[in-house]
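Chains as they are written, first to last, in my numbering: chain A, 317 to 535; chain B, 42 to 1125.
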């Protein structure tokens, strides 16, 4: 049962990871003069969009997490609306945090917000898919014995990795190397993306490694 | 509790750091005293001489052109066959001229002295001395050269000195040039601005007639080296351009003009400089004159290498001006006639005469210097003096007998001058790697020791270990001293202290290790093992952040952006607290619907509402922290390296604000911040009942504090009035400018003294008779153990008394109503915060004094500091409370690393948020004139005022450090009062510390050790940075100033940490005395 679940998760993660690459390649093919540094915002939104689409698709197909209590249309609609609201709020939340960390307040607002959107896609969207628009549950998941399935554990790992990646991405900004990727917010978005990718890889490996120690409570 | 051992141990730890810093700085920063005397034509260099010495010989050249090509390394100028690299053979003009006109030109190797940075080099080849990083002169504020120098001598002799090029000259010699065309030198990436600017004016000036000495300083080669390195086509282009320049200059020279082309230093293969490798020190020196000057053949031993200082006496004598006073150079002989003066030609100096003048001048300087400073070793000094005396005899006999100069005398004079130079160089111009290394070792050991002490919880009871290691240290120090006396004949205190401290440190560490091993073998006492102290949390997040912070000190970019780095790390750590609490499951109450493992916890009696409220407090604290962090970002100053940065407008003194509306607004803002600070302090004290009663400390809180802030507000108003607006009251205003700040300082000093004399802020209110009889009744628990001796009885009675006092505090404050039944005999107000109130009060007094030293706008920064400090304390307290509420707390008073690190980072952050920077130009010199608008006589008072201003945030956070220990206990009282009927046990606040004096002293020691460790690690990191990167381009601009600020901040912070902890111990002493007085009258 363990192996099966881990394998399923690993393949799902592979799909999601490939979405990052598709999101990079697609505009490179479609648009002229595309480069990750030059037209960075295009890259950010393309990656965010493809990751979001694949995430939603994967979780919907696998049927993980979304255990709808009621099956009525209005409930679904309200759930969708609330999810969208949560996502938007989380974008603003990240934006504020990033500004507090020292991002410029008025200049390059769009760039800062794009970073917030990307981070929300990597973290909040997965929370939404797995746990629904339920902040209480989100808070609960991020505690030591809050995880209730392998998916929760993987959520913990990918979220932490994305955020830490973005955090580490801020480190090279003050250096005087004059590289194109030191421009705000490129290093942070790249850091978040690499963090997310490594989280996707680490999660199945870590769970496999610790499968003896992991015990999940009843759902 | 043991007070003296704690203090002793702390003193010893601090002194270890101090000795380490002293050793390192002694090896790294070479200090030389500047001699502020000038040579003049009328000087008689020898005591008995009748004739003046300088200006006698007359000038050999009327004019000179000095082309300084920055970083012109020797092998850029030399010709090399074979396959040339980009920087080779690009100056063919030098070879062509020297080979075709050997009587007119020479190329020498020109050896600079470290530090090979442009500013030090310019000073070097104009003063003829060996400038070090710190030239102790009269004037710290400006970088102008105060020593006697060539530029000054030339100007004094009426020569018109025209300068163009690197603007460093302009700051070194302000207003000394006849004409100057400075160009900005800062941007290393810009290869052409300075050079093109020079070329635009150079030829025109040369063709004109209104100059005597022309100095042109080209920067392109140096910048090209920094940007691309020497091995780059751009360097070839730049050198080719220089070749063209030299050719055109030579074409325009007239017969009475000397051309000097020189590099001020070399560069490494990566294009950097600053250190002492041959590639950095060896530059090219090319001398050319249209008329023949040199002997035709390379006859006698011409110098291969010319030290940079030698240019000064040579140029001075050739141009007929006095040699600058503190020059230790030696004339370049081939430029002078070999034979004694030819008949009739009285004008030119011969080699012997030039050397003799030179030797006399150097001897005079040496005598003056050894009179002022003592850093030249005595035996070498006397050796030099003997040598000079014998030369004097020989020279006078030669002159008397009219002999021609013997080569032996010339050689002797040269060897004397070389010997002087070597002695001076050994004293001033060399790093001492051994001293630096031992300083670093001592600092590292001290950090380890602090860590070990704080982790092993070596109780203050380990006096035996301390005494043994101190004895060991004294022994080792004495051993080294004796050894030095035996081998060298004198004692170098730094080494003795170093040896003493290091050996005592090692002995203590060894003792700790053994003690721990023994405890482990015995099964240990439970506290040590269960505390998890056997596996120190080296890889925990706080220590990781500390490591990041230390690593950031090794990069110049991060040092430049230090203010933001500190904010970034502080915010990260702040956000980490709730995340970690949530991860541990402590942030939210364990509600029934959230399934926890049954049986995992024995479910302590916790209330979800208490947890929820504590979490809210925590989040509110975090919010305040984040807000003040963000706001404080707007108060930063800017370094010159930071492009596109505007210093905070609040840093401008109010008097300089033109717009009166804005001025009023800013004044109101400042005064409001000041009032808010004072009011918040008073409120806090009143809330905890520390503002009652007749005690001295209470008086200090009630009167001097508000009065001093009133004076401050008035002072700001007076000092910011525009000068023209109240003409009639000019004298009154001048008086107020003196009196108001002094009165404020006097109030604060009075408050601090009163606080120290009687730090108890407790008000005792005796009750009426009925309770007298059954006083001890309510708590028979303590009575049960019958005492054997009076002391033991005392020991048991004291805790009992706290219980009663505590209760009375509660009752007395919450309900003023009719007496209940079990009312105790006395009521004591403010006993719960008996320890923290004096600390808070002292911080408030100090903070107000320090605020007065800042410009008015910084009142906002101090308000933010107060807010942030409180937020940090609450964050710390509520995270501790949350942990203890849910039973995850160990039950001792130890303060976690996380809080200590947050506290320390906040100090660094507010260093920047109060407008300070770790650079010398940014020091706020205005602080020295607060209360002393006319200036000072000495240097001690203004120096300490400026130091207090600069490190105010370090000082405030250091004094407040003990609060980290008290705050969780202070906040504890709120739990039972607001929620549900409080249990007595929970609400003793700081009296808990007295119940367990051993734990109290251990925790106090641990907290201090952790603070020292965190601070010391940063000093260690910046020392390491300075040592490793001593050849970095930025070492004298970034790392060395950073090290000095870090070290000075550390010293001040440690001193004030000790003051804070000493105050706590003083309070403890006073409280003990108070109880002793109280008990007999109540219970005996």
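All residues carry an ideal CB built from backbone N, CA and C; glycine is no exception. Note that the structure is a prediction, hence the values are computed from the model and not measured.
Partner residues on chain A for residue i, Cβ-Cβ distance less than 8 Å
i: residue 626(B); result: 459, 460, 461 and 462
i: residue 673(B); result: Result: empty, since nearest Cβ-Cβ is about 12 Å, beyond 8 Å.
i: residue 880(B); result: Going along chain A, no residue has its Cβ under 8 Å from residue 880(B), so there is no contact; the nearest lies around 30 Å.
i: residue 346(B); result: The premise fails here: residue 346(B) is roughly 36 Å from chain A at the closest Cβ pair, so nothing lies under 8 Å.
i: residue 667(B); result: 416
Within chain E, partners of residue i - CB distance below 8 Å
i: residue 490(A); result: No chain E is present in this structure, whose protein chains are A and B.
Within chain B, the residues that residue i reaches when beta carbons sit closer than 9 Å
i: residue 532(A); result: Simply none; closest approach about 11 Å.
i: residue 389(A); result: The premise fails here: residue 389(A) is roughly 28 Å from chain B at the closest Cβ pair, so nothing lies under 9 Å.
i: residue 455(A); result: 623, 628 and 629
Chain-ordered chain B contacts of residue i [CB-CB under 8 Å]
i: residue 418(A); result: 605, 608, 609 and 674
i: residue 483(A); result: 613
Buried/exposed call for residue i, threshold 16 Cβ in 10 Å
i: residue 170(B); result: buried
i: residue 681(B); result: exposed
i: residue 1032(B); result: buried
i: residue 327(A); result: exposed
i: residue 599(B); result: buried
i: residue 368(A); result: buried
i: residue 493(A); result: exposed
i: residue 1085(B); result: buried
i: residue 532(A); result: exposed
i: residue 366(B); result: buried
i: residue 130(B); result: buried
i: residue 190(B); result: buried
i: residue 860(B); result: Low per-residue confidence applies at residue 860(B): pLDDT is 35, beneath 50, and the placement is therefore not dependable enough to give any value.
i: residue 830(B); result: Unreliable placement is indicated for residue 830(B), whose pLDDT of 41 sits below 50; the coordinate value is still reported in the next sentence. Counting Cβ neighbours within 10 Å, residue 830(B) comes out exposed, since fewer than 16 surround it.
i: residue 512(B); result: exposed
i: residue 429(A); result: buried
i: residue 700(B); result: exposed
i: residue 337(A); result: exposed
i: residue 720(B); result: exposed
Beta-carbon spacing of residue i, residue j below 8 Å
i: residue 677(B); j: residue 669(B); result: no
i: residue 728(B); j: residue 68(B); result: no
i: residue 923(B); j: residue 692(B); result: no
i: residue 334(B); j: residue 151(B); result: no
i: residue 876(B); j: residue 1108(B); result: yes
i: residue 990(B); j: residue 950(B); result: no
i: residue 482(A); j: residue 433(A); result: no
i: residue 376(B); j: residue 350(B); result: no
i: residue 298(B); j: residue 166(B); result: no
i: residue 222(B); j: residue 205(B); result: yes
For residue i: DSSP bridge partner residues
i: residue 207(B); result: 224(B)
i: residue 328(B); result: 147(B) and 301(B)
i: residue 323(B); result: 152(B)
i: residue 412(B); result: In the DSSP output, where bridge partners are listed per residue, residue 412(B) has none listed.
i: residue 202(B); result: 254(B)
i: residue 870(B); result: 804(B)
i: residue 1135(B); result: For chain B, the structure presents residues 42 to 1125; residue 1135(B) sits outside this window and is missing.
i: residue 378(B); result: 391(B)
i: residue 348(B); result: 152(B)
i: residue 1126(B); result: Outside the displayed range of chain B (42 to 1125) lies residue 1126(B), so it cannot be described from this structure.
Handout entry: Complete runs of the beta strand (DSSP E) confined to the stretch 254 to 309 of chain B [at least 3 residues]
Key = 254 to 259 and 298 to 303
Practice task
Would you mind listing the alpha helix (DSSP H) stretches within the stretch 431 to 463 of chain A that are 4+ residues and don't spill past its ends, in chain order?
Solution key: 440 to 447 and 451 to 457
Problem - In chain order, each alpha helix (DSSP H) run of at least 4 residues that lies wholly inside the stretch 753 to 803 of chain B - result: 771 to 798
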